[in-house]
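A.B. asks:
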Amino acid sequence: MSQPADQETRSQARQKPGGACEECRRRKLRCDRQQPQCGMCEAAGVICQVTTNRAPRGPKRGYLKAMQARIGKPPLPMLICFATRNV
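So in full-length UniProt numbering, spot 39 of the sequence shown is number 39, and the numbers just go up one at a time.
1. Grouping DSSP H, G and I as helix and E and B as strand, with all else coil, what is Cys41?
2. Counting along the chain, where does the alpha helix (DSSP H) carrying Lys60 start and finish?
3. Would you be able to state if there are at least three C-beta pairs under 8 angstroms between the region 54-73 and the region 26-40?
4. Within this structure, are the beta carbons of Thr51 and Glu23 separated by less than 8 angstroms?
5. Can you list, in chain order, the residues of its chain with a C-beta nearer than 6 angstroms to that of Gly19? Leave out the 5 residues immediately preceding and following it.
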């Protein structure tokens, strides 16, 4: 099936995620990714630097397992509290 022409141009106009330079990322601006210097860095008079290595998003490794273990085993004071209420 073919997409209408307006949808095709919109999908082509989207930027690749994570391609902004450090200055645009810091100022939370849309980077035009021009080389050797983007328009925002040129206007600001700063060096345009693009970092490709970024830490992965989401929780740190092992955090979810530790949280699940904590949920599965409530601390001792909570056990005592529930035991006295049921009596």
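The beta-carbon is built from N, C-alpha and C at its ideal position, and this holds for glycine as well.
C.D. replies: Considering the structure as presented:
1. Within the sequence shown, the letter at position 41 stands for residue 41. Correct three-state label for Cys41: helix.
2. Residue 60 sits at position 60 when you count from the first residue of the sequence shown. Element bounds for Lys60: n/a, residue is neither H nor E.
3. no
4. For the purposes of this step, residue 51 is taken as residue 51 along the sequence shown, with counting starting at 1. For the purposes of this step, residue 23 is taken as residue 23 along the sequence shown, with counting starting at 1. Going by C-beta atoms, Thr51 is not nearer than 8 angstroms to Glu23.
5. Locating residue 19 in the sequence shown gives position 19, counting from the first residue. Taken in chain order, the residues that qualify are Arg33.
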